[in-house]
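According to the working numbering, the sequence shown is numbered sequentially starting from 100.
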Amino acid sequence: MKSNTVWLVIPCYNEQEVLPETSKQLRDIMHGLMAEGKISSQSRIAFVNDGSKDMTWNIISQLHEEDHIFTGINLAHNRGHQNALLAGLMTAKDYADAAISLDADLQDDVGAIGQFIDKFLEGKDIVYGVRSTRATDTVFKRGTAHAFYKVMKFMGADTLEDHADYRLMSKRALEGLAQFKEVNLFLRGIVPMIGYETDIVYYERHERFAGESKYPLKKMVSFAVDGITSCSVKPIRMITTIGMLVFSISILMLIYFIVVWAMGRVVAGWTSIVISLWGIGGIILLSLGIIGEYIGKIYMEVKERPRFIIEKVLYEASPCQNKQ
Ligand code: UDP
Ligand code: MG
């Protein structure tokens with residue numbers, strides 16, 4: 100039987116309004132799964148308190164007192180959703196065979212947890228939760244989210260559309276994740292890089308159960324910029340392309356101006372000024388792009404990402420037989 104200790108990892112920032120309900124629903128689900136024998140009795144619901152200013156940590160401590168299925172991880176400071184999530188996952192890695200990350204506000208349909216575990220028991224290492232509809236979103240949120248995935252794709256950060264951070268990762272996938280040493284961690288871009296066998300669970304995203312979104316537009320934009328710049332050097336390449344384009348235009352203009360000049364239709368000095376303006380502008384942009392290319396390389400080097408993650412090694416310790 101596959102070992103099946105599963106941790107739920109839930110980052111919480113000022114979530115006192117939702118925690119009592121979330122914890123109740125999750126406990127029922129986990130006890131149900133334990134009764135079915137799908138997960139071990141060592142499975143836990145781990146709340147990560149991301150430096151909340153309200154009663155969140157008190158609630159988590161109290162839950163832990165009442166029932167040890169609840170585990171609490173308290174961060175010293177507010178470090179943002181992605182870092183809180185990582186703290187939880189890295190803790191879970193040492194205790195669990197798999198961890199499922201989800202939001203505290205019950206937007207990720209908790210009814211789908213069983214399906215994630217089924218896929219894990221089938222042998223999948225990473226299971227992505229993908230929302231089936233965006234019916235509960237405002238037109239604005241739907242539009243911006245769609246644009247976000249388009250831009251991300253165009254900019255070279257490979258993400259799965261309509262997948263947020265509702266996902267299951269096996270222990271070895273978490274160990275793979277632990278090898279990514281970068282500080283600017285964009286989980287959605289990194290997890291697909293780990294590899295292994297993946298699958299998808301479709302779920303309906305609900306409205307926030309209570310409280311307010313902790314992701315205002317400003318945070319969303321900086322999240323998108325972070326995602327692009329931490330996964331891709333494409334923006335630098337774009338400077339190079341523009342540089343080449345401007346430089347080509349300057350050559351075309353050179354030809355054009357020589358023709359006009361030969362016909363004697365210009366003010367003295369104008370031709371040389373305009374051409375050098377475009378020519379030098381093009382060369383500057385091009386040089387910036389080339390320098391950027393090296394900075395991009397340095398950037399990728401300082402991240403010290405793992406160069407490979409081994410999926411399986413076939414090896415037998417027993418002595419080799421001579422087969423003839
Ligand atoms: N969160 C966090 N730290 C932060 C902001 C958010 O841990 O600095 C948590 C929050 O408690 C929630 C999850 O991240 O569990 C997603 O946040 P939210 O629901 O506010 O985002 P939205 O669903 O509106 O995008
Ligand atoms: Mg939410």
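Even glycine gets a Cβ: it sits at the ideal position worked out from N, Cα and C.
#1: At which residues does the alpha helix (DSSP H) containing Val-324 begin and terminate?
#2: Who's in the neighbourhood of the ligand UDP, going by beta-carbon under 5 Å from any heavy atom, listed in chain order?
#3: Output the boundary residues of the alpha helix (DSSP H) element that contains Asp-127.
#4: Hey, would you say the C-beta of Arg-241 is under 7 Å away from at least one heavy atom of the ligand MG?
#5: State the start and end residues of the unbroken beta strand (DSSP E) segment that holds Ile-299.
#6: Would you mind stating whether Met-251 and Gly-179 have Cβ atoms separated by less than 8 Å?
#7: Does the beta carbon of Gln-206 fall short of 7 Å from some heavy atom of the ligand MG?
#8: With which residues is Cys-111 paired in a DSSP beta bridge?
#9: Identify which residue in Val-366, Val-229, Val-147 and Thr-104 has its Cα closest to the Cα of Ser-140.
#10: Is it true that the CB of Val-300 sits closer than 8 Å to the CB of Gln-206?
#11: Looking only at its chain, what residues have a beta carbon closer than 8 Å to the beta carbon of Lys-218, apart from the 5 residues adjacent to it on each side?
#12: Check whether the segment 346 to 354 touches the segment 303 to 311, taking contact to mean three or more Cβ pairs, one atom from each stretch, closer than 8 Å.
#13: Cβ of Arg-307 versus every heavy atom of the ligand MG: is any distance shorter than 7 Å?
#14: Which stretch, first to last residue, makes up the beta strand (DSSP E) that contains His-180?
#15: Take Ile-168 and list the residues in its own chain whose beta-carbon comes closer than 8 Å to its own, dropping the five residues that flank it on each side.
Reading off the structure:
#1: To locate residue 324, count along the sequence shown from 1; it is residue 225. For Val-324, the enclosing alpha helix (DSSP H) begins and ends at 316 to 330.
#2: Put simply, the residues with a CB less than 5 Å from any heavy atom of the ligand UDP are Pro-110, Cys-111, Tyr-112, Glu-114, Asp-149, Gly-179, His-180, Ala-183, Asp-202, Ala-203, Asp-204, Ser-312, Lys-313 and Tyr-314, in chain order.
#3: Stepping through the sequence shown from its first residue, residue 127 is reached at position 28. Under the DSSP assignment, Asp-127 falls in the alpha helix (DSSP H) whose first and last residues are 118 to 134.
#4: For this step, residue 241 is matched to residue 142 along the sequence shown. Result no, Cβ not under 7 Å from the ligand MG.
#5: Taking the first residue of the sequence shown as 1, we reach residue 299 at position 200. In the DSSP assignment, Ile-299 falls within the unbroken beta strand (DSSP E) covering 297 to 302.
#6: Here the question's residue 251 lines up with position 152 in the sequence shown. Here the question's residue 179 lines up with position 80 in the sequence shown. Cβ atoms of Met-251 and Gly-179: not closer than 8 Å.
#7: In the sequence shown, counting from the first residue as 1, residue 206 sits at position 107. Gln-206: yes, Cβ under 7 Å from the ligand MG.
#8: Numbered from 1 along the sequence shown, position 12 holds the residue referred to as residue 111. Per DSSP, Asn-148.
#9: Your numbering for residue 140 matches position 41 in the sequence shown. The residue from Val-366, Val-229, Val-147 and Thr-104 with its alpha-carbon nearest to that of Ser-140 is Thr-104.
#10: For this step, residue 206 is matched to residue 107 along the sequence shown. For this step, residue 300 is matched to residue 201 along the sequence shown. Cβ atoms of Gln-206 and Val-300: not closer than 8 Å.
#11: Within the sequence shown, numbered from 1, the residue matching residue 218 stands at position 119. Beyond the five residues adjoining it in sequence on each side, Lys-218 comes within less than 8 Å, by CB distance, of Val-226, Leu-267, Asp-298 and Val-300 in the same chain, given in chain order.
#12: Contact fails: fewer than three Cβ-Cβ distances are below 8 Å.
#13: Within the sequence shown, residue 307 is the residue found at index 208, counting from 1. If you check the C-beta of Arg-307 against the ligand MG, you find a heavy atom less than 7 Å away.
#14: Stepping through the sequence shown from its first residue, residue 180 is reached at position 81. Here His-180 belongs to no beta strand (DSSP E); instead the alpha helix (DSSP H) covers 180 to 192.
#15: What you label residue 168 is simply residue 69 of the sequence shown in a count that begins at 1. Closer than 8 Å at Cβ, skipping near neighbours: Arg-126, Met-129, His-130, Ser-142, Arg-143 and Ile-144.
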